[in-house]
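Chains A and B, in that order, are what the protein sequence lines are.
Using our numbering, the first residue of the first sequence is number 1, and each one after it goes up by one.
Using our numbering, the first residue of the second sequence is number 1, and each one after it goes up by one.
Glycine included, each C-beta is placed from N, C-alpha and C at the ideal position.
Protein chains: 2
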Amino acid sequence: MDRVRSCHTWQPEKYRPFLIGAEIFGHVTHEFAQALAAFPKVFVVTEQQVSLCSSLKSFAERSEKVEEAIQQLVADGTISRWRGEYYPVTNDWGQSPIMKMDRGAAGYFGIRGYGVHVNGLVHTAEGLKIWVGKRSLDKPNAPGKLDHIVAGGQPFGLGVYENLVKEAAEEADIPEALVQKAKPAGIVSYRCAREDGLRNDILFVYDLCLPEDFTPRNTDGEVEEFYLWPLEQVIDRIKSGDDFKFNVSLVLIHFLIRQGYITPDDDPDYCALVKGMQRQSS
Amino acid sequence: MDRVRSCHTWQPEKYRPFLIGAEIFGHVTHEFAQALAAFPKVFVVTEQQVSLCSSLKSFAERSEKVEEAIQQLVADGTISRWRGEYYPVTNDWGQSPIMKMDRGAAGYFGIRGYGVHVNGLVHTAEGLKIWVGKRSLDKPNAPGKLDHIVAGGQPFGLGVYENLVKEAAEEADIPEALVQKAKPAGIVSYRCAREDGLRNDILFVYDLCLPEDFTPRNTDGEVEEFYLWPLEQVIDRIKSGDDFKFNVSLVLIHFLIRQGYITPDDDPDYCALVKGMQRQSS
């Protein structure tokens, strides 16, 4: 429950809504709202909210003008880094994005982020094992934390499965012939403040059964090391603290619920755990 | 999505809260609230709410006095039937119930109901098949609707697995040696008005893989007939209308999501479907 609770720590009073037209697409801290007031041709900042200027009418105009502002905010250190990867700005998956925004700014605007997380499973004679990655110590975000074999943000313009194939190749050198066996298994979602801003994410969860003779190999420098752990070891590590990245714990608990490793008779928090798989409404 | 939406049709304006102490445990229609006003030693009825009299201090007192009122309401036709089976009154699974109440009155008070639903799965050479029951035509509730091989309300004082064993024996004559293979797979929840009142339920979902040579046999007269259908036929039937009982469709869609038969790339409603697996907050 501690792992689940830490995914749902959003404090609405610390933010004001970020609107495009009449619709809320994110939330910004009061401090960041003041920084946005320096761009009156892009943002209308009031005590209650930040809106995109109504003069920005198209996807292209919105994306371009906001990008210019973000670049200045990166240059002056208000936003910590430019990621060079776009996130769609949208409240609903399957809806046309209203604009796109650099991933490095997503947490500052609190926009919906989408991602894909893969449980890498190996059925062995000794029982079920799970591939665990240790994040590179020089990653700016959650260095050294335990991670999935494959996990990544969902960039603008890629399908979920396409992104899974790309990330599987980069992060673990998994050939597409193996990736094809990955099966979608649902969603976890959450909203909480993290070091990289307000995370308001929907993660598409996949299970991937891998053969015993496959060993992942990182190709993009983002993973320090891979371990193949018995399920019990993964469970112990989730219980004992936050060695797993916060959202990785959530996806692993989702797996444990789906696969019957947690039961309603044995766990008085069963209903709360299931409820905690999804974003809490404010 | 139509099947999912029909599970979340609660209209709060048609109800007033039912409180015990300071906590809301259910909702009653304005009409039923007026009927409860005839029992001033049990219920305090105002325009805004119905509360249990604070003089009823223990589990036993609350249960007994409410039962007396319910029996009169059954006798005068306000409540349609007495079920002779108790539901615990509680807002959280794992919490001690504050009282117990006849199942026949649960929908009138809109208290939390708990149940267990079992997907009866058969892996065959032609692919996955699912056991489907047709509800007896003389069942008062949802006669003739398609149902799970095993599904039932969770009575007071039984564990979920104990109840599953009992229901599996009564409804489908499944021996405990087979039931033991059932694996919990999560929860669906919903709140909606049905013919039997306000349903505010949490269903514990189980998957049970059955051998090909097993055939269910109903022993309590609640099932007209059992069919073993290929998964595709089940999917077609869910899509084509509401032949499946409303909450059975929900549990089957939950299965389709968990097992990767619905994917985020192919279904623009993917996120809405996953969200619809749980009760919508008002």
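Segment limits, alpha helix (DSSP H) that includes residue i
| i | result |
| --- | --- |
| H123(B) | Taken as a continuous stretch (DSSP letters only), H123(B) belongs to no alpha helix (DSSP H), being part of the beta strand (DSSP E) at R112 to T124. |
| S240(A) | L231 to S240 |
| R103(A) | R103 to F109 |
| K57(B) | Per DSSP, K57(B) belongs to no alpha helix (DSSP H) and is neither H nor E. |
| R3(B) | D2 to R5 |
Boundaries (first-last residue) of the beta strand (DSSP E) holding residue i
| i | result |
| --- | --- |
| H148(A) | L146 to H148 |
| F25(B) | E23 to T29 |
| S89(B) | In the sequence as displayed, the identity of residue 89(B) is Val instead of Ser. Y86 to V89 is the extent of the beta strand (DSSP E) around V89(B). |
| L19(A) | Y15 to I20 |
| K41(B) | Unbroken run through K41(B): none, as it is neither H nor E. |
| L77(A) | The displayed chain sequence assigns Gly, not Leu, to residue 77(A). Taken as a continuous stretch (DSSP letters only), G77(A) belongs to no beta strand (DSSP E), as it is neither H nor E. |
| S51(B) | V50 to L52 |
| R135(B) | G127 to R135 |
6 Å Cβ shell around residue i - same chain, five flanking residues per side excluded
| i | result |
| --- | --- |
| L250(B) | C7 and V188 |
| E329(B) | For residue 329(B) there is no data in the structure shown, the boundaries of chain B being 1 and 282. |
| F59(B) | M99 |
| L63(A) | The question names Leu, but residue 63(A) is Ser in the sequence shown. Result list for S63(A): M99 and K100, in chain order. |
| L36(A) | F43, V45 and V50 |
| G276(B) | V4 |
| T78(A) | A35 |
| V160(B) | V116 and F204 |
Neighbour-count burial assignment, residue i, 16 or more Cβ in a 10 Å radius
| i | result |
| --- | --- |
| Q180(A) | exposed |
| N163(B) | buried |
| N141(A) | exposed |
| H123(A) | exposed |
| E171(A) | buried |
| E167(B) | buried |
| R135(B) | buried |
| Y206(B) | buried |
| R217(A) | exposed |
| L137(A) | exposed |
| A106(A) | buried |
| D201(A) | buried |
| D147(A) | buried |
| Q278(A) | buried |
| P40(A) | exposed |
| K65(A) | buried |
| A151(B) | buried |
| A182(B) | buried |
| G241(B) | exposed |
| G120(A) | buried |
Of the residues the options, the one placed nearest residue i, counting alpha carbons only
| i | options | result |
| --- | --- | --- |
| I111(A) | Y190(A), E222(A) and S240(A) | Y190(A) |
| E232(B) | K129(B), W82(B) and S80(B) | K129(B) |
| L56(B) | Q48(B), F43(B), E47(B) and V50(B) | F43(B) |
| G144(A) | V4(A), Q280(A), L19(A) and F246(A) | F246(A) |
| R83(B) | Q72(B), Q95(B), D102(B) and V74(B) | D102(B) |
| Y270(A) | V118(A), H254(A) and Q280(A) | H254(A) |
| I20(B) | N91(B), G221(B) and R258(B) | N91(B) |
| Q48(B) | S54(B), I24(B) and V223(B) | I24(B) |
| L228(A) | C209(A), T219(A), G241(A) and S240(A) | C209(A) |
| A214(B) | V248(B), L158(B), I149(B) and G221(B) | Looking at the sequence shown, residue 214(B) is not Ala but Phe. Per the Cα distances, I149(B). |
| H27(B) | E67(B), Q11(B), A38(B) and E222(B) | Q11(B) |
| Q95(A) | Q95(B), P268(B) and V89(B) | P268(B) |
| P155(B) | P97(B), F18(B) and D243(B) | P97(B) |
| Q280(A) | A69(A), L73(A), C192(A) and W131(A) | C192(A) |
Same chain only: Cβ atoms within 8 Å of residue i, ignoring 5 sequence neighbours per side
| i | result |
| --- | --- |
| L256(B) | I235 and I262 |
| G153(B) | E85, Y87, R103, G113, Y114 and G115 |
| R258(A) | A185 and G186 |
| P211(A) | V122 and L178 |
| D173(A) | P216, R217, N218 and T219 |
| I238(B) | R3, F244, S249, L252 and I253 |
| H30(A) | K14, Y15 and R16 |
Own chain, CB closer than 7 Å to residue i, minus 5 neighbours either side, in chain order
| i | result |
| --- | --- |
| F32(B) | Y108 |
Mind pulling the alpha helix (DSSP H) runs of 4 or more residues that sit fully within the segment 165-191 of chain A? Fully enclosed alpha helix (DSSP H) runs of 4 or longer: 176-179.
Item checked: 3 or more residues per run - each beta strand (DSSP E) lying fully within the segment 201-273 of chain B -> With a minimum length of 3 residues, the continuous beta strand (DSSP E) runs that stay inside the segment 201-273 of chain B are 223-230.
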